[in-house]
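The structure appears right after this line, and notes come after that.
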Amino acid sequence: MGRLATHISAPMRRERRTLRVMLSTGAHPGRRYRPLSDSSPRCARAAVAATASISGLAPHPKRSPAPAAGWFLAASTLILMLPTIAGCKPRNTPATTPQMDTAPGYWVRVLLINDAHGFDLSLETGFAVAATGAESPPQAFARQDGPMRVSVVAGRISIADLPVHAFEVDILPDPPHIIGIDGSGHRGQLRICVNPDGRTLDAINMVPLEPYLAGVVGAEMPQYWEPAALQAQAIAARTYCLYTKRRFGKGRTWDLSRTQASQVYKGVDGETERVWDAVNQTRGMVLTTPNRDGQTDLFPAYYSSTCGGHTENCENVFGEAFSALMGVPCPYCKDVARPGSFFWPVVRMDKARVAELLAARYPRLRRLGQVAAIAPADVSRYDKFSRITRLELRGENGVDYLRGEDFRLTLDPSGRQLRSAACEIHENADQWEFQAGRGWGHGVGMCQCGAQGMARQGKTAEQILLHYYSNAKLVRLY
Ligand SMILES: [Zn+2]
Numbered sequence: 002m003g004r005l006a007t008h009i010s011a012p013m014r015r016e017r018r019t020l021r022v023m024l025s026t027g028a029h030p031g032r033r034y035r036p037l038s039d040s041s042p043r044c045a046r047a048a049v050a051a052t053a054s055i056s057g058l059a060p061h062p063k064r065s066p067a068p069a070a071g072w073f074l075a076a077s078t079l080i081l082m083l084p085t086i087a088g089c090k091p092r093n094t095p096a097t098t099p100q101m102d103t104a105p106g107y108w109v110r111v112l113l114i115n116d117a118h119g120f121d122l123s124l125e126t127g128f129a130v131a132a133t134g135a136e137s138p139p140q141a142f143a144r145q146d147g148p149m150r151v152s153v154v155a156g157r158i159s160i161a162d163l164p165v166h167a168f169e170v171d172i173l174p175d176p177p178h179i180i181g182i183d184g185s186g187h188r189g190q191l192r193i194c195v196n197p198d199g200r201t202l203d204a205i206n207m208v209p210l211e212p213y214l215a216g217v218v219g220a221e222m223p224q225y226w227e228p229a230a231l232q233a234q235a236i237a238a239r240t241y242c243l244y245t246k247r248r249f250g251k252g253r254t255w256d257l258s259r260t261q262a263s264q265v266y267k268g269v270d271g272e273t274e275r276v277w278d279a280v281n282q283t284r285g286m287v288l289t290t291p292n293r294d295g296q297t298d299l300f301p302a303y304y305s306s307t308c309g310g311h312t313e314n315c316e317n318v319f320g321e322a323f324s325a326l327m328g329v330p331c332p333y334c335k336d337v338a339r340p341g342s343f344f345w346p347v348v349r350m351d352k353a354r355v356a357e358l359l360a361a362r363y364p365r366l367r368r369l370g371q372v373a374a375i376a377p378a379d380v381s382r383y384d385k386f387s388r389i390t391r392l393e394l395r396g397e398n399g400v401d402y403l404r405g406e407d408f409r410l411t412l413d414p415s416g417r418q419l420r421s422a423a424c425e426i427h428e429n430a431d432q433w434e435f436q437a438g439r440g441w442g443h444g445v446g447m448c449q450c451g452a453q454g455m456a457r458q459g460k461t462a463e464q465i466l467l468h469y470y471s472n473a474k475l476v477r478l479y
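Numbering (my numbering), first residue to last: 2 to 479.
Following this line, the structure appears as structure tokens:
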């Protein structure tokens, strides 16, 4: 165990028992060659969760850019230079997938592919295919040469020329338990299911928590950052994952998406030795805070790229209060974020376009008629820093309100231009101008660039986390 373990106090250890009970639910693959406990014959079309976007840092090409694209392009290039075909693995990462025998509450179901007509499946080992709900045992297959095309034929899963025809199947690879999906390796197992339309499929990676995190940390943070920052990221991601799994996983066939709608997950492609060190040195560690009943509990340990100088109360951004998610000063991110990310340039948008986007996302706003004025209704003001948390939209037929973050992401879903709600809104002829913008992301919880800034100053992961998640406690679950 790494140095964080030395910070675990007796009260923390006592809290483990409570948390174990809380986490003991949730579907998982159980032991090998056994389908998930979810016996639905096919996937219900899962409603896309309204879990908040938690990071502007992730270098996903479509959803969110990095605050300093150059760094991430460089990091991504280095990572991609490593072997990533299924069965291969980056150097210095675990030869075989750990935790395959872990308890049910510590498996994660990640939605990798949704509403697709097919994908390429590669396995460098033998494997078994288990049809969900079937009484017959899983069918074992020897290693196949080359990728196998997975598609939907006559409403059922088809895998190349294998004798598999079911609504839903689990792919169970032999050790090292790595599956290639369109050329990218993912650890654990894979569930494939036909959607109710009978024409498209979803693919869900079922992976133990620690290898899941290894695929997250390097995707959410440059892997060359300070170890303490990477460790803080691992603990925040572990906490967010378990909280989200418990809160949303029961009602759908997956726990998290692989994008920044949850937290970015790249599977084996995101792994490096430094990332695995951060995961292993914080193994089983999560953050807790008292819930409304006064009991110790997990919370959604949000994080975002660059707060701009002060983080924000969760309630002001997402409408839900957690005692560990209160705004705190952050003098640390300014020296880490690139100037163009810390202070973002003026954004101009045509008024007509703004009205169109708002009406499309929020049909209720159509009753306002033409929006004549947009002004901050609530602003969080801190020393030399402010963030719009609620906006007033005034039209010819009345007034309505939107949260600052909802307004921003309606106008710019990628967040590439309107990078935060810490800005000023001005009217200029036919345009709205967003000026004096600072930071990148929603600003709730840990500031990732700030975490790196603190780590550069010699702060430990625990010190970083307890700065951004005030009143939180660090607990080891296992
Ligand atoms: Zn910051």
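Idealized CB from N, CA, C, for every residue including glycine. A quick note: this is a predicted structure, and the numbers were derived from the prediction, not measured.
**Q.** Assigned exposure category for MET82 - 16 Cβ within 10 Å defines buried
**A.** Residue placement at MET82 cannot be trusted, given a pLDDT of 32 that sits under 50; the coordinates are not used to answer.
(Q) Just list the residues that DSSP pairs TYR383 with in beta bridges. (A) The partner list for TYR383 (beta bridge, DSSP) reads PHE386.
Q) Taking the continuous beta strand (DSSP E) assigned at ASN115, which residues delimit it? A) Annotation: the continuous beta strand (DSSP E) that includes ASN115 extends over 108 to 117.
Q: Take SER137 as the anchor and find which of HIS118, ALA167 and ILE114 has the nearest alpha-carbon.
A: ALA167
Q. Roughly how many whole angstroms lie between the Cα atoms of PHE386 and ASP183?
A. 45 Å
Q) Which full runs of the alpha helix (DSSP H) of 4+ residues lie inside the segment 268 to 306, going along the chain? A) 274 to 282
Q | contact_flag[the segment 348 to 367, the segment 466 to 476] where n(CB pairs < 8 Å) is 3 or more | A | no
(Q) Between which residues of its own chain and ILE375 is the CB-CB distance below 7 Å, once the five residues before and five after are set aside? (A) LEU392, LEU394, ILE426 and TRP433
Q: Can you tell me the Cβ-Cβ gap for THR307 and SER342, rounded? I've got them flagged as a contact below 8 Å.
A: 6 Å
Q) How about VAL109 and TYR241: are their beta carbons less than 8 Å apart? A) No, these two residues do not count as a Cβ contact at 8 Å.
Q: Using DSSP bridges, identify the partner residues of ARG253.
A: ARG253 is not bridged to any residue.
Q: Give every residue of the same chain whose Cβ lies closer than 8 Å to the Cβ of GLY119, excluding the five residues on either side of it in the sequence, and list them in chain order.
A: ARG150, VAL151, SER152, VAL153 and LEU202
(Q) Per the DSSP calculation, PHE120 is bridged to which residue(s)? (A) VAL151
**Q.** Candidates VAL208, ALA422 and ILE172, of which the one nearest PHE319 by Cα
**A.** ALA422
Q: Over the uninterrupted alpha helix (DSSP H) stretch that includes VAL318, give me the two end residues.
A: Bounds of the alpha helix (DSSP H) holding VAL318 are 315 to 319.
(Q) On the DSSP bridge list, what partners appear for PHE128? (A) PHE142 and PRO174
Q. Which residue or residues does DSSP assign as beta-bridge partners of ALA167?
A. ILE158
Q. Where does the unbroken alpha helix (DSSP H) through CYS450 begin, and where does it stop?
A. 449 to 457
Q.
Mapping the DSSP letters down to three states, classify GLN436 as helix, strand or coil.
A. GLN436 falls in the strand class under three-state DSSP.
Q. Is the closest heavy atom of ligand 1 to the C-beta of CYS331 under 7 Å?
A. yes
Q: Assign THR97 to one of two classes, buried (16 or more other C-beta atoms within 10 Å of its C-beta) or exposed (fewer than that).
A: exposed
Q) Helix, strand or coil for ASP351 per DSSP? A) DSSP places ASP351 within a strand segment (E or B) once states are collapsed to three.
Q) Taking buried to mean at least 16 other C-beta atoms within 10 Å of its own C-beta, is GLU397 buried or exposed? A) exposed
Q: Keeping to the same chain, check which residues put their C-beta closer than 6 Å to that of HIS187; ignore five residues upstream and five downstream.
A: ILE180, ASN206 and GLY268
Q.
Taking a contact to mean a Cβ-Cβ separation below 8 Å, would you say GLN282 touches GLU211 in this structure?
A. no
**Q.** Short Cβ contact (8 Å threshold) for LEU366 with ALA373
**A.** no
**Q.** Proximal residues to VAL195 (C-beta, below 8 Å), its chain only, five neighbours per side dropped
**A.** ARG43, CYS44, VAL153, GLY156, ARG157, ILE158, PHE168, GLU169, THR201 and LEU202
Q) Whose C-beta lies closer than 6 Å to the C-beta of THR390 among residues of the same chain, with five residues either side of it excluded? A) Excluding positions up to five away in sequence, the list reads ASN317, ASP379, SER381 and GLY405.
Q) Relative to ligand 1, is the shortest distance from any of its heavy atoms to the C-beta of CYS334 smaller than 7 Å? A) yes
(Q) Spatial neighbours of GLY216 within its chain, please: C-beta separation below 6 Å, excluding the five flanking residues on both sides. (A) TYR266, LYS267, GLY268 and GLY271
Q) Closer than 7 Å: is that where the CB of CYS242 sits relative to any heavy atom of ligand 1? A) no
Q) Looking at C-alpha atoms only, which residue of PRO209, ALA302 and GLN140 is the closest neighbour of MET447? A) Cα-wise, what sits closest to MET447 is ALA302.
(Q) Whole angstroms are fine: how far does the CA of ARG417 sit from the CA of ASP431? (A) 22 Å
(Q) Let me check you understand the geometry: is the CB of ASN196 closer than 7 Å to at least one non-hydrogen atom of ligand 3? (A) Inclusion of ligand 3 in the displayed structure is not the case, the ligand content consisting of ligand 1 alone.
Q) Ordered along the chain, which non-local residues of its own chain (more than five positions away) have a Cβ less than 6 Å from that of ASP413? A) LEU419
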